[in-house]
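For the sequence shown, the tail end lands on 353 under our numbering, and the numbers increase by one without skipping. Every residue gets a Cβ at the ideal spot worked out from N, C-alpha and C, and that includes glycine. As the structure is a prediction and not an experimental result, all values here were calculated from the model.
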Amino acid sequence: MAAIVPRMKLCSQGLEVSKQGLGCMSMSAFYGQPKPEPGMIQLIHHAINSGVTFLDTSDAYGPYTNEILIGKAVKGITRAKVQIATKFAVSTKDGKIDIRGDPAFVRASCEASLKRLDIDCIDLYYVHRIDTRVPIEVTVQNLIQNLGEGDFRKNFPRFKPENVESNKVIFERVSEMAKRKGCTSSQLALAWVHHKGDDVCPIPGTTKVDNFNQNIGALSVKLSPQEMTELESYASAEVVKGDRHAFMATTWINSETPLLSSWKPL
């Protein structure tokens, strides 16, 4: 099975990953209760053996427990065989969510993630949310320095009664097109992401081996420019009803930061 998952270069630094990754969030957080650890480790091993070697996590998933799970799963596996991406910026101190990109937080977050993952190098470390109080240059500069050193529908407005009927039409149209293409709707959605560019790597999450195997099938789904346009028309910003999250704070969708010249470090 590994041969059907191509490799690709991600970012400008030459990091090579599987053309489709595995998003690990749902194994530990947000979609119901955390799943039993042995089964999730087995799923991660199945992914790696299938050629999907790019694993995506975050210190916000759990929080922290998802990184620990990934660390346990890759222990004993040749490090060069697996590429691990994790993220920082979401602080949950004292039960309150805050977005932070200040130097001290970036440094502490990186060190903590390395410890939880039980590795000496993070292949891809990136900002989960933008801190609008800190110039993005300051946040990124610290990244560079570190390189040198319950029911989820309640929290998702798109599933609420006032929105779900309209959004269901989108799903029906996508399903109709998937039927014409001889694939599932999830494979079609992933294929759309793959066709957005050679430098794009989707990271679908799952907790079931059967769903993982189905996701890999997206790599063989081909879409014409006309089909891409058709799909995009189904789910344009004007068509989709409701925000992505109920807690859609502006700092989670607004990436404007102060000018670097205005920054006065503590």
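Buried or exposed for residue i, going by 16 or more other Cβ atoms inside 10 Å?
i, result
"Glu-154", "buried"
"Ala-324", "exposed"
"Phe-192", "buried"
"Leu-275", "buried"
"Ser-99", "exposed"
What is the rounded straight-line gap between the Cα of residue i and the Cα of residue j?
i, j, result
"Val-171", "Thr-165", "A small correction: the amino acid at residue 171 is Ile; Val does not occupy that position in the sequence shown. One C-alpha to the other measures close to 13 angstroms."
"Val-326", "Asn-254", "8 angstroms"
"Cys-111", "Leu-277", "16 angstroms"
"Lys-174", "Asp-210", "11 angstroms"
"Phe-243", "Gly-119", "13 angstroms"
"Asn-300", "Gly-329", "31 angstroms"
"Gln-313", "Ser-320", "11 angstroms"
"Glu-316", "Ala-322", "What sits at residue 316 in the sequence shown is Thr, not Glu. Those two C-alpha atoms are separated by around 10 angstroms."
"Ala-167", "Gln-228", "26 angstroms"
"Glu-103", "Cys-208", "15 angstroms"
"Gly-101", "Leu-306", "22 angstroms"
"Pro-248", "Ile-257", "15 angstroms"
"Leu-358", "Asp-286", "Past the edges of the chain, shown from 88 to 353, lies residue 358, and the structure says nothing about it."
Is the Cβ-Cβ distance between residue i and residue j less than 7 angstroms?
i, j, result
"Ser-145", "Thr-294", "no"
"Gly-149", "Arg-203", "no"
"Thr-152", "Gly-188", "no"
"Val-296", "His-132", "no"
"Pro-308", "Cys-270", "Looking at the sequence shown, residue 308 is not Pro but Val. Contact: yes."
"Ala-265", "His-215", "no"
"Ile-231", "Thr-344", "no"
"Ser-115", "Leu-156", "yes"
Closer than 7 angstroms by C-beta to residue i: which residues in its own chain qualify, once you throw out the five before and the five after it? Chain order, please.
i, result
"Asp-185", "Ser-178"
"Glu-169", "This sequence places Val at residue 169; Glu is not what is there. Once the five neighbours on either side are set aside, the close Cβ partners of Val-169 are Ile-135, Thr-140, Leu-142 and Val-161."
"Trp-279", "Leu-310, Met-315 and Leu-318"
Just curious, the beta strand (DSSP E) that residue i is in, first and last residue?
i, result
"Phe-175", "170 to 175"
"Met-114", "Element bounds for Met-114: n/a, residue is neither H nor E."
"Glu-343", "Premise fails: Glu-343 is in no beta strand (DSSP E) and is neither H nor E."
"Arg-94", "94 to 97"
"Val-214", "211 to 214"
Could you give the first and the last residue of the continuous alpha helix (DSSP H) run that contains residue i?
i, result
"Leu-318", "312 to 321"
"Leu-296", "Per the sequence shown, residue 296 should be read as Val rather than Leu. Note, Val-296: alpha helix (DSSP H), 296 to 303."
"Phe-258", "248 to 268"
"Leu-275", "272 to 281"
"Glu-325", "Per DSSP, Glu-325 belongs to no alpha helix (DSSP H) and is neither H nor E."
"Leu-130", "124 to 136"
"Phe-192", "190 to 204"
"Val-161", "152 to 161"
Residues in its own chain within less than 6 angstroms of residue i by CB, not counting five upstream and five downstream?
i, result
"Gly-108", "Phe-141, Asp-143, Cys-288 and Ile-290"
"Ile-217", "Ser-342"
"Trp-350", "Pro-222 and Val-225"
For a cutoff of 7 angstroms on Cβ pairs, would you count residue i as touching chain B?
i, result
"Lys-247", "Looking for chain B here will not work: only one protein chain is present."
Excluding sequence positions up to five away, which residues of its chain have a Cβ less than 8 angstroms from the Cβ of residue i?
i, result
"Arg-245", "Val-251, Asn-254, Val-327, Lys-328, Gly-329, Asp-330 and Arg-331"
"Ser-106", "Per the sequence shown, residue 106 should be read as Lys rather than Ser. Here the set comprises Val-92, Pro-93, Arg-94, Met-95, His-281, Cys-288 and Leu-306."
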